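Shown next, in structure tokens, is the structure this report addresses.
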Amino acid sequence: MPENVTIEVNGSQLPVAAGMSVATALFQAGEFRFRVSATGQPRAALCGMGICFECRVTIDGQANCRSCQILVRDGMVICTS
Amino acid sequence: MNEVDVLVIGAGPAGMAAATSAQESGARVAMVDDNWSAGGQIWRGIHDSCTRIPAGVRTLWGTQVVARGTSEHTLLLEDSKQAVEVAFDKLILATGARELYLPFPGWTLPGVMGAGGLQALVKSGLGIHGKSVVIAGSGPLLLAVAAYLRKAGARIKLIAEQATTKAVSSFAFHMVRYPQKMRQAAALKLSLHGVPYLRSCWVEATEGEGRLRSVRLRQGRKSWTEDCDYAGIGYGLYPNSELACLLGCRLRANAIEVNEWQRTSVDGVFAAGECTGIGGVDLSLLEGAIAGYAACGDTGRASRLFGKRSHAKRFAGALGRAFRLREELRTLPRPETIICRCEDVLYEKLQQMSSFRAAKLHTRCGMGPCQARICGVATAFLFGWRTDSVRPPILPARAASLAIRKEFQREADLKVLP
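Chains as they are written, first to last, in the working numbering: chain A, 2 to 82; chain B, 9 to 426.
Listed below in structure tokens is the structure:
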């Protein structure tokens, strides 16, 4: 069994496997709106490798973090927009 | 100031090989990568001898290159907490490649990802078991991704390859000269048994409210819809050359131009792997090793690998020819299709523009955080535009990181003047 950590996504506690990227954890939790685009459309990860910036979320208060490039940490607070 | 003999940017196969051979030649080596571990995209999440860092090589993970440093032979780097300038005697660029994405109606819908992008998420733990997936685009990567996802329990509905059957067959014929690749291809074929591999076929549009529900496919006159949970769509790979451009290295056919020693047009700067042209992992390893030896002046060991490199390069040539993108893909965007995903710039707005520069000035196309990495390549294909010169910072960076560089302080001062 992989070790579990707990993250907070938009106010809800979520147990996830350690070693996941934040983007993976969001999809896994059924969250398909990572951010809202310039004209109000929902967007989520596209490239999975830090190039496209579509997967930006707020992590521990810091806006515009590329969720595909950051691993989940116990107690991490994630906000999608 | 941090100082090394050889600084390697990118820890994929080419970067790893470069760091290893430079270390072997006695240099003090540091390796930088914006991911959290070695291996690059191809070896992501693999922990074995491929991704073992040679002892003594300094590594900076989760670190990106932002700009040149204050003085010659320095670069400004940033991680999640701080910025640092690193000085080097020789620089080896092993910045790899990204997937090439072409716009079509619905390509911005959550759940539509790159083929490699989807694989990266599954490698990072995305549960794909029982999910239905359509894989589309072009190139051998589609087969590798489909096989990987299927092994993870995904239901692969089909693989849509835009190239013709004839082109794919001629590529397969070239592979006869590469026994190891033949074995890999045979294994892929076996693991994809029963999955339709459609040639001259592509995704025309996707549908769904807030997330992907179905894709519409086209093959000749036939058009139909497939329901799916995820789509992985990638039209091959494109070299990451932004840092090279910033440093003034000459490009050729969108890739960094290098000579036989993997030296770029800029003194002291070498490049290896996919950023010098798409050629696969075997070529990347050889180019990386040659760059590492050559950067340390070890021409003897470098030149011993030239023969193997030529052999691997011929494979790269066949790859490029077989999976050339077809004209019909240019006609997929509708007037209201978004082309620049950062700034939500529509196709109809770009149709009125004469160049990428004009598009930037009038529509903000390419001015968002990805800095035209996605739409620059797309508009090059759609309109034949050339993207502008690269400017620092080459990726969004914190103001505090830029502030450690004196020139930026001056620029910042100028900007607040009335």
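We treat Cβ as the ideally placed atom computed from N, Cα and C, and that holds for glycine.
Keep in mind the model is a prediction, meaning the values are calculated, not measured.
For residue 224 of chain B, the uninterrupted beta strand (DSSP E) segment begins and ends at 222 to 227. Counting C-beta pairs with one atom in each stretch, the segment 344 to 363 of chain B and the segment 314 to 324 of chain B have fewer than three that are closer than 8 Å, which means they do not touch. For residue 253 of chain B, the enclosing alpha helix (DSSP H) has its first and last residue at 250 to 254.
From the listed residues A:40, A:54 and A:12, the smallest Cα separation to residue 344 of chain B is found for A:40.
At the C-beta level, residue 325 of chain B and residue 239 of chain B stay beyond 8 Å of one another.
At a cut-off of 8 Å between C-beta atoms, residue 129 of chain B counts as an interface residue with respect to chain A. Judged by DSSP secondary structure, residue 181 of chain B falls within the alpha helix (DSSP H) whose first and last residues are 173 to 182. Taking CB atoms only, residue 16 of chain A has no neighbour in chain B less than 8 Å away. If you check the CB distance, residue 69 of chain A and residue 59 of chain A do not come in under 8 Å. Distance from the CA of residue 110 of chain B to the CA of residue 306 of chain B, rounded to the nearest whole angstrom, comes to 42 Å. When CB distances to chain A are screened at a threshold of 7 Å, not a single residue of the segment 147 to 172 of chain B falls below it.
The three-state secondary structure of residue 338 of chain B, taken from DSSP, is helix.
Cβ-Cβ separation between residue 16 of chain B and residue 26 of chain B: approximately 5 Å, consistent with a contact (criterion under 8 Å).
DSSP places residue 166 of chain B within a strand segment (E or B) once states are collapsed to three. If you look at residue 306 of chain B, you'll find it isn't in any alpha helix (DSSP H); DSSP assigns it neither H nor E. Below the 9 Å Cβ cutoff, chain B contributes 118, 218 and 219 as neighbours of residue 34 of chain A, in chain order. If you compare the alpha carbons of B:242, B:33 and B:284 with that of residue 152 of chain B, the shortest gap goes to B:242. Separation of residue 192 of chain B and residue 48 of chain A (C-alpha to C-alpha, rounded to the nearest whole angstrom) is 25 Å.
A direct Cα-to-Cα measurement between residue 267 of chain B and residue 298 of chain B gives close to 11 Å. Taking 9 Å as the upper bound on Cβ-Cβ separation, chain A lies near residues 49, 52, 53 and 70 of the segment 49 to 71 of chain B. Residue-level contact check: residue 8 of chain A does not touch chain B, since none of the beta carbons of chain B fall below 8 Å from its beta carbon.
The continuous beta strand (DSSP E) containing residue 16 of chain A extends over residues 13 to 18. Within chain A, 54, 57 and 65 have C-beta atoms less than 8 Å from the C-beta of residue 377 of chain B, given in sequence order. For residue 402 of chain B, no CB of chain A lies under 8 Å from its own CB, so it is not counted at the interface with that chain. Here DSSP, grouped into helix, strand and coil, assigns residue 15 of chain B to strand. Each of B:64, B:28 and B:400 was checked against the Cα of residue 256 of chain B, and the nearest Cα belongs to B:400. For residue 48 of chain A, the C-beta contacts it makes with chain B under 7 Å involve 106, 107, 122 and 125, in order along the chain. For a cut-off of 8 Å, the C-beta gap from residue 171 of chain B to residue 200 of chain B is around 17 Å, too long to register as a contact. The continuous alpha helix (DSSP H) containing residue 407 of chain B extends over residues 407 to 411. By the criterion of at least three beta-carbon pairs nearer than 8 Å, the segment 54 to 62 of chain B is not in contact with the segment 70 to 85 of chain B.
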